[in-house]
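Residue numbers (our numbering), protein chains in the order written: chain W, 1 to 249; chain P, 250 to 643; chain D, 644 to 917.
For every residue, glycine included, the Cβ atom is placed at its ideal position computed from N, Cα and C.
All values reported here derive from a predicted model rather than from experimental measurement.
Remarks on the structure that follows.
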Amino acid sequence: MSTSQKSAPAKAETASDIALCLRGLRSGYGGIDVIREANLEVRKGGIYAILGKNGMGKTTLLKTIMGLLPIRDGSAHILGADITGWPTYRIVRCGVSYVPQEQAIFQDLNVGENLRIALGGRASFKERFAGIAGLFPVLGQRLHQVAGTLSGGEQKMLLLARALLTNPKLILIDEISEGLQPAIVGHAQAALSNACRERGTTIVLVEQNVRFAFALADRYAILNLGEIIAEGETGSDEAIESVSRHLTL
Amino acid sequence: MPKLTHTRRQFIAGAAIAAGGAAGGFPAVSRAAEPVKIACICGLSGVNSPVAPAVVQSGQLAVAELNEKGGILGRKVELLPIDDNSDASGAVKAFNSAIYDKKVNIIIAYETSAARNAGEPIAARANMPYIYTSPYEGGACGANLFIDGWVPPQVEIPLLKYMVDEKNLKSWYAIGSDYAFGRGIIDFAVKEIKSLGGTVVGEDFNPLSSSDWEPIFTKVRGEKPEAIIYCTSNGSPNATFLKQYKSTGLDLPVGSFSIDELTALKIGESAEGVLYTADYFTSLDNPQNEAYLAAMNKMFGSKLLTPSNLSVPEYDAIHIYALAAEKVKSVEAAAIIKTLPTVSFKGPRGVIQMDKEHHAALPIYLAQIQKDGSSKVIKSFGLIDPGNQCPKFS
Amino acid sequence: MLTHALDIVTSAGILYVVALGLLIIFGVLKIINLAHSAFLAIGGYVAVVATEFHVSLWYAIPIALIIGIVIGAILEATVLRPLYARPLDTILATWGISIVVVQLITLIFGRETQFAASPITGAISIGDITYSEYRIILLGLALVLGAIMVFLFQATELGLSARAVIMNEGLAQAMGINTRFVRFFTFCAGAALATMAGALITPLVSIEPNMGLPWLINAFMLVLVAGSSVISLGWATLGLGGAQVLVSTFINPIIGGLTIIVLSVLVLRARKTL
Chain W
1 MSTSQKSAPA KAETASDIAL CLRGLRSGYG GIDVIREANL EVRKGGIYAI
51 LGKNGMGKTT LLKTIMGLLP IRDGSAHILG ADITGWPTYR IVRCGVSYVP
101 QEQAIFQDLN VGENLRIALG GRASFKERFA GIAGLFPVLG QRLHQVAGTL
151 SGGEQKMLLL ARALLTNPKL ILIDEISEGL QPAIVGHAQA ALSNACRERG
201 TTIVLVEQNV RFAFALADRY AILNLGEIIA EGETGSDEAI ESVSRHLTL
Chain P
250 MPKLTHTRRQ FIAGAAIAAG GAAGGFPAVS RAAEPVKIAC ICGLSGVNSP
300 VAPAVVQSGQ LAVAELNEKG GILGRKVELL PIDDNSDASG AVKAFNSAIY
350 DKKVNIIIAY ETSAARNAGE PIAARANMPY IYTSPYEGGA CGANLFIDGW
400 VPPQVEIPLL KYMVDEKNLK SWYAIGSDYA FGRGIIDFAV KEIKSLGGTV
450 VGEDFNPLSS SDWEPIFTKV RGEKPEAIIY CTSNGSPNAT FLKQYKSTGL
500 DLPVGSFSID ELTALKIGES AEGVLYTADY FTSLDNPQNE AYLAAMNKMF
550 GSKLLTPSNL SVPEYDAIHI YALAAEKVKS VEAAAIIKTL PTVSFKGPRG
600 VIQMDKEHHA ALPIYLAQIQ KDGSSKVIKS FGLIDPGNQC PKFS
Chain D
644 MLTHALDIVT SAGILYVVAL GLLIIFGVLK IINLAHSAFL AIGGYVAVVA
694 TEFHVSLWYA IPIALIIGIV IGAILEATVL RPLYARPLDT ILATWGISIV
744 VVQLITLIFG RETQFAASPI TGAISIGDIT YSEYRIILLG LALVLGAIMV
794 FLFQATELGL SARAVIMNEG LAQAMGINTR FVRFFTFCAG AALATMAGAL
844 ITPLVSIEPN MGLPWLINAF MLVLVAGSSV ISLGWATLGL GGAQVLVSTF
894 INPIIGGLTI IVLSVLVLRA RKTL
């Protein structure tokens, strides 16, 4: 498949292979459309990076997919289901985890409560936490600490742990690498690729940090002024050239 | 006594029946002449609305009685109930409408003091005779204004004399609601207790918005008075006060200037033992009261709203007006204003004449509330003078 | 001395019971429910009807609670839910609800004061003083109610969801919490607590359509001071309610009536400048 293939997903794949599919998606705030005509197809089981500069609509895109912003036009499918117009909690409960960039934890709740909230009583916390505790050893000792008192890096670990706790089929992550020390970035990278590899979780990363994104992702897309303007495989030779052309100018 | 179950709807239905009866039923009255119109301005909405419908009924009986005997000077009498919303702005509208639109001959009104103060200048400018039928704080004076309800000295002096002198209660705690009427009544009571040789060990006012009397009762406990005198606003604050008083376990004699027969009946046990004075009780044992109650029962049947000292003065005032008109053979305003103080009417309360500076000496009775909430009249003080309300008319 | 202490704790208990429903709706829905006073009145009239049928107040209280749930459910679904995107309009809507409820009560029961039979009218001896038995009972009920609320909020899934919605509704949604249901449930619970409180205070007050209004402003200030925590509300009622009792007793009740409002404004101001 060629690199700068513009908004034209291949038709050969069957719907059951697709984790996330956006067609002609439009949304925004007030009188302004931030996302215009976004088309995207993310296959199951991979890690997909959406790259873009500040203000290109990366966060808005994720919020729209999550139902936190209304879809003004077009449609969104997740795991084969048309989720257009669904309330957020329904989208979450069909197997989606969302890691927001800002105000992403409940500062006044303790670590354990922050994690339990994501389960909503739908699964045993003890069991589920045991399944991921190995990836996040620091959280296990701090279940009773108030989340707002964790360091920035620990808070990011909490976000990832919470996202994985529900055994999601799809995780949407908004700029997890921002402001992180390299050691923690490495830790986050390890946890995510582990999830993808061991559990077959599909991960969609929204990033400015190309190095972090390319280290994880197998495919990428470039979001510019609310549209996907380029798409391709991160391993290809053209990828670096395409990304630097779109992101550095 | 009929059960008090009135709603606005029932009241309006009752009024309509009464009006229909009045229009069709009295052939003795000359139809040629313009009817004599009496405006019964009262708070059919707003704070007075619990009582106003009973006032209208009382007025309707008086008018029906007059029409049965040939009306006033051979002219049919018509009662026009007009709502003043129990407040000043409503009164301005009601008075203007009565005087200039309906062209009434007299205003006989049960109103709040605020409504009276707003309406009176309008009536005075038009030289419209105006009889005010509510018990009130006193001191309202106008050449055209007459009052046949009680003023504070008439209920306060007999009650305090009885409790201080006859019951030998010398040490008092005075409690009131914090508004003009409550403060006026309690200030007067404190002076009266002192002049009777008693002492007032404490005096407290609670905001109208407060329903918690506990801190005041705690102070009462500390001061250990022999008796309590209180005046809340009418109706519900009495209940709040007495219920909470009952639960304190304090067992002192209580005198009230704000409770009435109906409210006491509804409060029931918590009001047991409270002493109060008034110019009318349904249980008064005199032929006029018996006839009045029988006629009210006959006219309104199951729609009857229990009469009280708030509604009976309307009945008296209409009859006094009729007597004055017959006396001067005119319903012309100036003649009526001149004649009103010179006539007396023997009604359910006793003989009423508004000859004391446009106020009336009233028969005053002492009652004690029983366990079931009923008021038992235990003493009659005879006619009590209203005192110097408007010295310029003496 | 003991009497003053009892006045303080019992007054705080009464205020707590009255303000609780307002607090939880404010916390979760972020709106001041101006219909709170009307809900109190509904509770009061449940006690009136119970009296008419010679049913004890102790039965009227759970009945008031159930009626509150039903009324809360109907109003949330029909009036408030479509307005949540416009918080100011939602508050206005609660005001409208209040007017309609008060007028309906007036139509049915009339405007005059009604009375409900009190299950307990007497006083009990504590040490060498006598004190209102019902106030003591109300204090006990307030403590039990507070304990139940703390348990619900701290130790149940629903409570955790409610706290999440209080702190960050958007994030709560993203965590898979059905915030619409949490709002619905909270409004029903808040309405039910208000109607129950209305029935509970009837032995101390008299009942008329606007009986809730004097309570509303104090409850409102206490909620603003307490924020959205059922525990803070306990401290706020004890502190501010206690101050009101002390001022009423040692200065006079008129200034006492202003105490909660004035102190609340001062507390809120101090907090702003911190």
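1. Beta carbon of W:L158, beta carbon of W:S97: below 9 Å?
2. Is there a C-beta anywhere in chain D that falls below 9 Å from the one on W:I203?
3. Helix, strand or coil for W:N39, going by three-state DSSP, please let me know.
4. What span of residues does the alpha helix (DSSP H) with W:R162 cover, start to end?
5. Under 8 Å by Cβ, that's how I've got D:L883 and D:L859 pegged, so tell me the actual separation to the nearest angstrom.
6. Between W:M157 and chain D, is there a C-beta pair that is closer than 9 Å?
7. Could you name the residues of the same chain whose beta carbon sits closer than 6 Å to that of D:L836, not counting the 5 residues immediately before and after it, in chain order?
8. Within a Cβ cutoff of 8 Å, which residues of the same chain sit near P:F594, ignoring the five residues on either side of it in sequence?
9. So, does the CB of D:G711 fall closer than 9 Å to a CB anywhere in chain C?
10. Under a CB-based cut-off of 9 Å, is D:I772 close to chain P?
11. Tell me the start and end of each unbroken beta strand (DSSP E) in the region 199-223 of chain W that is at least 3 residues and wholly inside, in chain order.
12. Answer yes if the region 396-416 of chain P comes into contact with the region 505-524 of chain P, meaning at least three C-beta pairs across the two stretches below 8 Å, and no otherwise.
13. Does the Cβ of D:F830 have 16 or more other Cβ atoms within 10 Å, making it buried, or fewer, making it exposed?
14. Could you pull out every residue in the same chain whose Cβ sits closer than 8 Å to the Cβ of W:G148, ignoring the five residues on either side in sequence?
15. Identify, in the order they occur along the chain, each residue of the same chain with its Cβ nearer than 6 Å to the Cβ of W:G28, setting aside the five sequence neighbours on each side.
16. Which chain D residues are close to P:S496, counting only those with a beta carbon under 9 Å from its beta carbon?
17. Could you tell me the distance, in whole angstroms, from the CA atom of W:G121 to the CA atom of D:E800?
18. Please report the straight-line C-alpha distance between P:G273 and P:N297, rounded to a whole angstrom.
19. Pick helix, strand or coil for D:V866, following the three-state DSSP scheme.
20. Determine whether the beta carbon atoms of D:I740 and D:T646 lie at a separation below 9 Å.
21. What is the rounded straight-line gap between the Cα of D:I898 and the Cα of P:F430?
22. May I have the straight-line CA-CA distance separating P:E441 from D:G900, to the nearest angstrom?
23. Within 9 Å of any Cβ in chain P, is that where the Cβ of D:L856 sits?
24. Show which residues of chain D have a CB atom less than 7 Å away from the CB atom of P:R470.
25. CB-CB under 6 Å to D:I763, same chain, minus the five flanking residues each way: which ones, in chain order?
26. Would you say P:D427 and P:P456 are within 9 Å of each other, going by their C-beta atoms?
27. Would you mind telling me which residues of chain P sit closer than 7 Å to D:P896, beta carbon to beta carbon, in chain order?
28. What residue does the beta strand (DSSP E) around W:R26 start on, and which one ends it?
29. In its own chain, which residues sit with a C-beta less than 6 Å from the C-beta of W:F136, not counting the 5 before and 5 after it?
30. For the region 718-749 of chain D, which residues have a beta carbon sitting closer than 8 Å to at least one beta carbon of chain W?
31. If you follow the alpha helix (DSSP H) that W:Y89 is in, where does it begin and where does it stop?
32. With a floor of 3 residues, list each beta strand (DSSP E) that falls wholly inside the region 495-572 of chain P, ordered by position along the chain.
33. Can you tell me where the alpha helix (DSSP H) holding P:V592 begins and where it ends?
34. Helix, strand or coil for P:C291, going by three-state DSSP, please let me know.
35. Classify D:F600: buried if its beta carbon has 16 or more other beta carbons within 10 angstroms, exposed otherwise.
36. Anything in chain D within Cβ reach of W:I32, meaning under 8 Å, just list it in chain order.
Result, derived from the coordinates:
1. Sequence index remark: in the first sequence, residue 158 of chain W carries index 158 (1-based). Sequence index remark: in the first sequence, residue 97 of chain W carries index 97 (1-based). Not in contact: W:L158 and W:S97 (Cβ atoms no closer than 9 Å).
2. The count along the first sequence starts at 1 and reaches residue 203 of chain W at position 203. So, not an interface residue.
3. In the first sequence, the residue the question calls residue 39 of chain W occupies position 39. Strand, per DSSP.
4. One-based indexing of the first sequence puts residue 162 of chain W at position 162. Here the alpha helix (DSSP H) through W:R162 covers G152 to L165.
5. Sequence index remark: in the third sequence, residue 883 of chain D carries index 240 (1-based). Sequence index remark: in the third sequence, residue 859 of chain D carries index 216 (1-based). That belief does not hold up - the Cβ atoms of D:L883 and D:L859 are roughly 15 Å apart, past 8 Å.
6. Translated into positions along the first sequence, residue 157 of chain W becomes position 157. False, the Cβ-Cβ gap to chain D never drops below 9 Å.
7. Here residue 836 of chain D corresponds to residue number 193 of the third sequence, with the count starting at 1. Closer than 6 Å at the Cβ level, and outside the excluded window around D:L836, lie L663 and G664.
8. Translated into positions along the second sequence, residue 594 of chain P becomes position 345. The answer, listed in chain order, is D565, H568, I569, L572, V600, I601 and Q602.
9. Although the question refers to chain C, the structure presented lacks it and instead comprises the protein chains W, P and D.
10. Counting from 1 along the third sequence, the entry for residue 772 of chain D is found at position 129. True, the Cβ-Cβ gap to chain P drops below 9 Å.
11. 202-207
12. yes
13. As a position in the third sequence, residue 830 of chain D is number 187, starting the count at 1. The residue is buried, with at least 16 neighbouring Cβ atoms inside 10 Å.
14. Residue numbering aside, residue 148 of chain W sits at position 148 when the first sequence is read from its first letter. I105, Q107 and D108, listed in sequence order.
15. For this step, residue 28 of chain W is matched to residue 28 along the first sequence. Closer than 6 Å at Cβ, skipping near neighbours: V34.
16. Position 247 of the second sequence holds residue 496 of chain P. Within 9 Å Cβ-Cβ: S761, I763, T764, G765, A766, Y774, S775, E776, Y777, R778, P846 and L847.
17. Within the first sequence, the letter at position 121 stands for residue 121 of chain W. Within the third sequence, the letter at position 157 stands for residue 800 of chain D. Rounded to whole angstroms, W:G121 to D:E800 spans 6 Å at the Cα level.
18. In the second sequence, residue 273 of chain P corresponds to position 24, counting from 1. In the second sequence, residue 297 of chain P corresponds to position 48, counting from 1. Its pLDDT being 42, under 50, P:G273 is placed unreliably in this model, and the coordinates cannot settle the point.
19. In the third sequence, residue 866 of chain D corresponds to position 223, counting from 1. Of the three classes helix, strand and coil, the one that applies to D:V866 here is helix, per DSSP.
20. Counting from 1 along the third sequence, the entry for residue 740 of chain D is found at position 97. Counting from 1 along the third sequence, the entry for residue 646 of chain D is found at position 3. Not a contact, by the Cβ cut-off of 9 Å.
21. Stepping through the third sequence from its first residue, residue 898 of chain D is reached at position 255. Stepping through the second sequence from its first residue, residue 430 of chain P is reached at position 181. Distance between the alpha carbons of D:I898 and P:F430 is about 19 Å.
22. Residue 441 of chain P sits at position 192 when you count from the first residue of the second sequence. Residue 900 of chain D sits at position 257 when you count from the first residue of the third sequence. Distance between the alpha carbons of P:E441 and D:G900: 29 Å.
23. By one-based count along the third sequence, residue 856 of chain D stands at place 213. True, the Cβ-Cβ gap to chain P drops below 9 Å.
24. Your numbering for residue 470 of chain P matches position 221 in the second sequence. Neighbours of P:R470 on chain D, chain order: T646.
25. Sequence index remark: in the third sequence, residue 763 of chain D carries index 120 (1-based). Taken in chain order, the residues that qualify are E776 and Y777.
26. As a working note, residue 427 of chain P is residue 178 in the second sequence. As a working note, residue 456 of chain P is residue 207 in the second sequence. Cβ distance < 9 Å, so P:D427 and P:P456 count as in contact.
27. On the third sequence, residue 896 of chain D is found 253 positions in, with the first residue counted as 1. Going along chain P in sequence order, the residues near D:P896 (Cβ under 7 Å) are D453, F454, N455, P456, S459, P464 and I465.
28. One-based indexing of the first sequence puts residue 26 of chain W at position 26. First-last of the beta strand (DSSP E) with W:R26: I18 to Y29.
29. Locating residue 136 of chain W in the first sequence gives position 136, counting from the first residue. Contacts found: M157 and A161.
30. none
31. Counting from 1 along the first sequence, the entry for residue 89 of chain W is found at position 89. W:Y89 -> alpha helix (DSSP H) spans T88 to R93.
32. 503-505 and 524-527
33. Your numbering for residue 592 of chain P matches position 343 in the second sequence. Run containing P:V592: none; DSSP gives neither H nor E here.
34. Locating residue 291 of chain P in the second sequence gives position 42, counting from the first residue. P:C291 falls in the strand class under three-state DSSP.
35. As shown, chain D starts at 644 and ends at 917. That puts residue 600 of chain D outside it, with no answer to give.
36. Numbered from its first residue, the first sequence carries residue 32 of chain W at position 32. Correct list: empty, because the minimum Cβ distance to chain D is about 18 Å.
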